[in-house]
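Read through the structure below, which is laid out as structure tokens, and then see the notes.
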Amino acid sequence: MTKKAECDLIYTCEDRTQIYVAKGNLSKWDFRVGFLKEGMKGTPRFAKHLHIATEFYIKHAHNPELAKKFKEYFVGLLDKVEPIDYYPPKIKFFDQNKLEEFEDLNEVGEFSVEFLMVYIELLMTQEKTNYAPMFFNRKLFNDLFVKNRYSVMNTASQRGKKK
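Shown next, in the form of structure tokens:
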């Protein structure tokens, strides 16, 4: 369990959800990404790829075309994100001007578009730092809304390095 005192606050969303990172143990620069929503106390929650995939399917049920466009935002990040050699990580690509474009997706799901843009960028940075090919994120975002949900959720639920 990672205590809040062991985490670094990286970003606070408009809805006051706080995004934290904590040192990981996969490499010298490894980190885990966690969050606390307003009113939550104690240990940050560390959402996994499965939680992210579920959130995308909820948003897709609400507005399929906009959810697909939102997915493409992340597909575009896959080759931009670079591994890091410092801690804590920095948010480099999040652009608040993009929030309005995807605002309708905030109507459903647990997480805001703003949260997802920052959180997933940090997840991609973590994965690029530890697993340069970015297997999980690349496969997840390439398969999302294309392959059947079972296959996507199976990929999202895998743990560890894919050989």
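385 is the number that the working numbering gives to position 67 of the sequence shown; each next residue is one higher, with no gaps. The C-beta atom is built at its ideal place from N, Cα and C for all residues, glycine as well.
The alpha helix (DSSP H) that contains residue i, what's its start and end?
i    : result
T372 : H367 to H380
V436 : V431 to N448
N472 : R467 to S475
Report back the beta-carbon spacing between residue i and residue j to the nearest angstrom; my notes put them in contact at under 8 Å.
i    : j    : result
L440 : V339 : 7 Å
Y329 : V399 : Going by Cβ atoms, the distance from Y329 to V399 rounds to 16 Å, so no, they are not a contact pair.
F459 : F392 : 5 Å
P362 : F353 : 6 Å
T447 : P401 : 4 Å
For residue i and residue j, I'd like the C-alpha separation in whole angstroms.
i    : j    : result
A450 : D397 : 10 Å
G357 : I370 : 21 Å
D461 : L423 : 20 Å
A385 : V426 : 11 Å
Please go through the same chain and pick out, in chain order, the residues whose beta-carbon is closer than 6 Å to the beta-carbon of residue i, but skip the five residues on each side of it.
i    : result
L368 : A474 and S475
Please name the residue in the options whose C-alpha comes closest to that of residue i.
i    : options                   : result
V431 : Y405, E445, D333 and P401 : D333
Q414 : Y375, F433, P407 and A323 : F433
V464 : E324, T335 and E383       : E383
Are the C-beta of residue i and some C-beta of chain C separated by less than 8 Å?
i    : result
A340 : Annotation note: the requested chain C is absent from the structure, which comprises a single protein chain.
What span of residues does the beta strand (DSSP E) with residue i cover, start to end?
i    : result
L327 : C325 to T330
F338 : Note that residue 338 is Tyr in the sequence shown, not Phe. Where Y338 is concerned, the enclosing beta strand (DSSP E) stretches over Q336 to K341.
R350 : F349 to L354
Who are the Cβ neighbours of residue i in its own chain at under 8 Å, not counting the five residues just before and after it?
i    : result
K395 : The sequence shown places Leu at residue 395, not Lys. Counting only Cβ-Cβ distances below 8 Å, and skipping sequence neighbours, we find F411, I438, E439 and M442.
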